[in-house]
Ligand SMILES: Nc1ncnc2c1ncn2[C@@H]1O[C@H](COP(=O)(O)OP(=O)(O)O)[C@@H](O)[C@H]1O
Ligand SMILES: [Mg+2]
């Protein structure tokens with residue numbers, strides 16, 4: 048499996064994603080330059096975290112017009128797997144690859160560990176988990192309040208497109224467990240075709256004992272499980 | 008060639024000279040140097056270079072007394088950042104810097120640009136920044152203005168560091184009325200590189216090209232360096248246009264471009280354009296290389312039309328670098344910058360003639376003979392005399408301070424101390440900082456006594472912490488200076504790391520006042536004593552004088568930034584108790600000292616008494632003990648006793664991790680004869696609370712180092728409560744009560760703030 | 187061709203939670219502005235552009251809004267003014 | 187007493203670096219809007235408040251701007267409109 052990780056100007060988690068794939072999964076990864084037009088044969092594309100274009104105007108709004116996004120969109124259209132993490136999730140929403148929008152947190156920037164519950168395991172970024180599994184990993188963002196109109200939210204719920212939800216220690220999606228005011232405690236969603244997945248938490252920062260949690264590993268292992276299936 | 012005035016330049020008058028902050032003597036020295044009247048441009052240049060901020064004219068002789076050498080020091084003071092070796096060909100660059108005055112005027116931008124500046128200092132050495140720290144001092148949170156400053160400073164630090172993708176992992180914050188009108192905002196950056204990537208800011212090679220790189224030059228912050236060298240007065244408000252705006256996005260591009268540029272070998276030297284911008288960066292690079300330089304201001308990429316040489320030279324626009332490139336390689340340099348959407352322009356060259364020359368096209372607007380423009384400034388040895396009022400405070404018998412009625416229950420006192428903003432959890436602050444980006448953070452804010460950050464590609468980790476108790480330094484500068492170093496080293500050692508070296512930020516008042524200069528001299532002396540005793544040389548730092556407001560000078564605050572090394576990252580030790588049944592061992596000895604304590608200040612409003620004694624040999628032995636204990640994996644947790652003393656340290660290890668609290672059952676009967684409040688809340692130095700599954704072994708190791716050690720109790724379940732017996736009165740508290748005091752204090756205080764939100768986030772447009 | 191300054195308001199779509207507006211309202215109350223009922227916070231963009239006439243300037247800014255300046259999922263925009271400058 | 191809607195523009199002060207405006211300008215260029223010379227991004231606030239008359243409404247919003255809504259160091263503000271509503 049080859050994972051292409053896009054480096055936008057202002058990305059800052061591309062190396063972390065690279066280490067997750069190469070050091071912890073033992074798979075091949077390549078950093079893709081945003082001005083290029085070539086995915087270099089990547090099976091999976093990761094849009095990493097960071098502050099692309101400084102997050103000026105709106106997070107992800109400018110990056111989504113980067114030249115390489117044409118190829119990323121074509122890859123997604125062909126059914127190729129795209130994972131957006133944090134800023135990458137924001138970019139994917141802005142690009143229309145994912146539904147909804149990520150607005151300013153209701154309580155400012157938050158950097159802290161959270162617990163998320165895996166709602167569905169039929170995506171390439173959740174396949175190795177079991178449904179209802181709770182995973183601990185950090186969030187670090189200012190714009191993570193997932194927002195869509197009620198009809199869209201109902202449709203997402205109905206179609207099983209809400210993949211990750213913030214929950215408390217007991218696994219319940221309570222208000223107290225909601226770190227940013229996101230609607231229905233949504234932490235991650237996928238598109239209708241289920242090949243594009245976005246999430247605000249950072250699994251690449253929960254890969255080894257030194258991180259204090261290895262729960263991110265199962266999400267990356269999902270890529271491998273899907274590729275081999 | 009000789010410089011001549013530009014059309015429209017103001018005439019040089021004594022009033023203009025005074026406005027530029029030069030004394031009549033300094034002005035005469037300038038005239039003697041030039042053998043003529045300076046041009047307006049020259050006056051501006053010298054006013055910046057001879058400002059305290061750039062020239063260190065009051066501090067340099069004292070700084071010379073600090074130890075700066077050790078086999079592992081690759082670069083000591085004098086460069087953009089200090090550099091030490093950590094073995095295996097790897098090196099660490101680190102530095103701390105103040106942005107106090109800009110932050111007092113505009114907290115968000117002031118703090119943000121402070122972070123930007125210190126990051127540039129580190130990556131211009133060729134190091135990739137891997138961690139940021141911040142040391143903050145504010146007045147009382149009861150004042151709305153202070154809450155506004157806290158909100159803005161924290162958001163400014165967070166937004167800049169977060170955008171850069173450099174984790175902010177540690178720091179220290181204290182609140183005291185002494186900082187009311189003049190907060191301190193010190194930012195520290197730590198970077199990692201291979202030893203062979205080290206590059207210095209030394210202009211070399213006649214014919215080499217001087218290039219301006221990064222953001223364009225605008226009219227921002229003109230004369231920031233001299234601004235930093237004045238007292239804060241109400242008139243400072245009128246100086247607001249001097250405030251600079253940071254652009255962390257451009258800085259992130261500049262970081263990547265600079266590291267790529269250094270790796271490319273196309274350049275000889277790089278320096279960031281910080282205070283006094285182009286002027287000081289070019290003059291300092293020329294001085295280090297002992298070469299002449301010639302610059303043409305018309306070639307500098309500007310943001311606004313019609314900028315004069317004076318403005319271009321003194322602008323403090325952010326996110327700019329000065330690069331000396333090999334002759335003929337400017338196209339290659341430009342290509343690298345272009346890849347990152349940044350500009351680069353040749354603006355001059357290194358010349359054989361020993362002069363500093365500035366032209367505007369063909370017109371020479373400034374020309375100084377020699378290459379030592381910065382150190383040719385006058386140096387001062389001001390008078391030093393201790394203030395008798397402070398002597399009286401120190402000599403006061405603080406044991407005579409009457410107890411408050413509520414103190415009959417020591418649990419009340421403990422809970423109250425845990426809610427003192429200086430002691431309380433700083434999570435409200437650190438949650439606004441990305442502390443985990445780069446995926447190397449082993450212990451971030453609040454997890455251990457110092458932050459621990461793994462060095463990718465090795466088994467090693469770095470430990471780092473800032474510290475300084477300004478109240479100690481105020482009451483006894485020599486002892487306070489020693490303690491600042493000793494506490495920082497102890498914090499680093501609590502994680503299991505060997506302290507290696509120090510950067511420092513000397514925040515003091517007006518050095519022309521004898522009682523201030525006394526503080527400065529003595530505190531630096533104390534720092535030097537401790538650095539020598541602990542074998543942690545000083546590799547750099549920053550001096551910030553004139554930290555005064557209408558209510559007086561701040562506490563003398565020589566902030567220490569300490570860096571240490573753990574050979575095996577998996578051996579790092581946190582500060583929270585891990586398991587019920589573990590033994591709690593106290594290293595070091597309680598005393599009857601109570602002076603200068605947070606207890607006296609917060610419970611009684613008394614700032615008096617002598618700070619605790621600092622036994623440097625004892626500190627060193629404790630550090631050695633901690634390193635050995637961690638290395639042999641004997642420790643479950645380690646936390647030093649600092650503000651609030653033993654009782655607070657015991658409590659912090661129990662409740663520091665809010666999600667997994669523990670109780671304790673501790674008996675202090677051994678020291679039952681000490682006054683209870685000294686035993687519980689006194690701040691005797693050299694003490695560490697550790698927990699262990701193997702107390703015998705811990706005691707044995709301590710003994711080999713000659714460190715007093717004693718088992719004082721056990722870790723229990725949180726539900727069993729928090730109990731300390733053996734003193735004059737027993738202390739029983741609910742763990743949840745203590746936890747609430749500690750964790751809710753800062754959020755509750757800040758909730759009283761009028762939301763500063765909307766005024767402070769230009770980048771995102773709107774905030775909450 | 188003339189130079190125009192076109193001002194645009196980009197505002198959160200009605201019905202979308204506006205925590206910024208709420209925070210500002212509360213802050214104003216705590217500062218003693220008790221008469222404030224509600225605050226809404228949006229963006230104010232000023233675009234300096236060259237066009238054949240005012241209508242063309244406005245049309246091009248509308249295109250910019252549709253493409254980049256406003257998020258169609260959560261925001262509405264309106265052209266506030268077009269002046270030759 | 188009447189209810190008023192007061193609209194305010196808060197914009198980066200002239201000469202002060204506007205990184206956001208710069209980023210948006212460059213993005214518009216790369217999207218083909220070559221005629222754009224400059225963009226500035228500020229805030230558009232709509233404050234619903236009760237006052238004796240329009241002048242009083244405006245005066246109180248000016249006070250809010252000076253105190254909270256605009257940063258006196260880096261921003262300018264102007265009252266765009268005051269309408270009874
Ligand atoms: N401004 C800050 N930014 C990040 N972390 C901070 C800050 N202030 C304090 N911390 C963290 O909070 C913890 C407690 O700090 P401090 O009270 O200074 O400890 P000690 O008194 O033991 O030196 C440390 O982990 C420290 O790094
Ligand atoms: Mg401390």
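Residue numbers (the numbering used here), protein chains in the order written: chain A, 48 to 276; chain B, 8 to 775; chain C, 187 to 271; chain D, 187 to 271. For glycine and all other residues, C-beta sits at the position ideal for the given N, C-alpha and C. Please read all numbers here as calculations on a predicted model, not as lab measurements.
Taking a Cβ-Cβ threshold of 7 Å, none of the residues of chain D is close to residue 201 of chain C; the smallest such distance is about 16 Å. Contact residues of the region 216–244 of chain D toward chain A are 216, 217 and 227 (C-beta to C-beta distance below 8 Å).
Rounded to the nearest angstrom, the gap between the Cα atoms of residue 415 of chain B and residue 711 of chain B is 40 Å. By the rule that beta-carbons nearer than 7 Å mark a contact, residue 456 of chain B does not touch chain A.
Ranking B:383, B:100, B:221 and B:258 by CA distance to the CA of residue 39 of chain B puts B:383 first.
Identification of chain B residues near residue 209 of chain D by a Cβ-Cβ cut-off of 8 Å yields 256, ordered along the chain. In the structure shown, the three-state DSSP call for residue 208 of chain C is helix. For residue 349 of chain B, the closest C-alpha among the options B:73, B:360 and B:256 is that of B:256. At a beta-carbon threshold of 7 Å, none of the residues of chain D lie near residue 98 of chain A; the nearest stands roughly 11 Å away. Within 10 angstroms of the beta-carbon of residue 187 of chain C lie fewer than 16 other beta-carbons, which makes it exposed. In the three-state reduction of the DSSP assignment, residue 153 of chain A falls in the coil class. Nearest to residue 167 of chain A by alpha-carbon distance, out of A:131, A:126, A:229 and A:238, is A:238.
Pairing residue 607 of chain B with residue 405 of chain B gives a Cβ-Cβ distance under 7 Å.
In summary, the residues of the region 228–251 of chain A whose CB is separated from some CB of chain C by less than 7 Å are 228, in the order they occur in the chain. Within the region 143–156 of chain A, the residues whose Cβ lies closer than 7 Å to some Cβ of chain C are 147, 148, 150, 151 and 153, listed in chain order.
At a beta-carbon threshold of 9 Å, the residues of chain A lying near residue 577 of chain B are 256 and 257, ordered along the chain.
In the three-state scheme derived from DSSP, where H, G and I count as helix and E and B as strand, residue 456 of chain B is classed as coil. With contacts defined as CB atoms closer than 7 Å, residue 206 of chain D and residue 156 of chain A fail to qualify as a contacting pair. Counting along the chain, the unbroken alpha helix (DSSP H) around residue 259 of chain B starts and ends at 255–271.
Taking 7 Å as the cut-off between beta carbons, none of the residues of the region 338–352 of chain B comes near chain D. For residue 538 of chain B, the enclosing alpha helix (DSSP H) begins and ends at 521–541. With respect to chain D, the C-beta atom of residue 101 of chain A has a partner C-beta closer than 7 Å.
Assigned with DSSP and collapsed to three states, residue 58 of chain A falls in strand. Note that the region 74–90 of chain B touches the region 537–553 of chain B; at least 3 beta-carbon pairs, one per stretch, sit closer than 8 Å. Residue B:527 holds the alpha-carbon nearest to the alpha-carbon of residue 389 of chain B among B:623, B:527, B:503 and B:313. The C-beta of residue 204 of chain D has 16 or more other C-beta atoms within 10 Å across all chains shown, which makes the residue buried.
Annotation note: the region 216–242 of chain C contains the following uninterrupted beta strand (DSSP E) runs of length 3 or greater, listed N- to C-terminal: 222–237. Those residues of the region 108–133 of chain A placed with their C-beta closer than 7 Å to a C-beta in chain D are 109 and 112, ordered along the chain.
Proximity of residue 104 of chain A to chain D, defined by a Cβ-Cβ separation below 7 Å, is satisfied. Here residue 64 of chain A carries a helix assignment [DSSP, helix/strand/coil]. Here residue 699 of chain B carries a strand assignment [DSSP, helix/strand/coil]. In this structure, the beta-carbon distance from residue 605 of chain B to residue 663 of chain B does not fall below 7 Å. Looking at A:203, A:160, A:258 and A:245, the one whose alpha-carbon comes closest to that of residue 214 of chain A is A:160. Going by DSSP, residue 169 of chain B is part of no beta strand (DSSP E) but of the alpha helix (DSSP H) stretching over 151–171.
Within chain A, no C-beta atom comes less than 7 Å from the C-beta of residue 214 of chain C; the nearest is roughly 18 Å away. From the listed residues D:253, D:225 and D:270, the smallest Cα separation to residue 263 of chain D is found for D:253.
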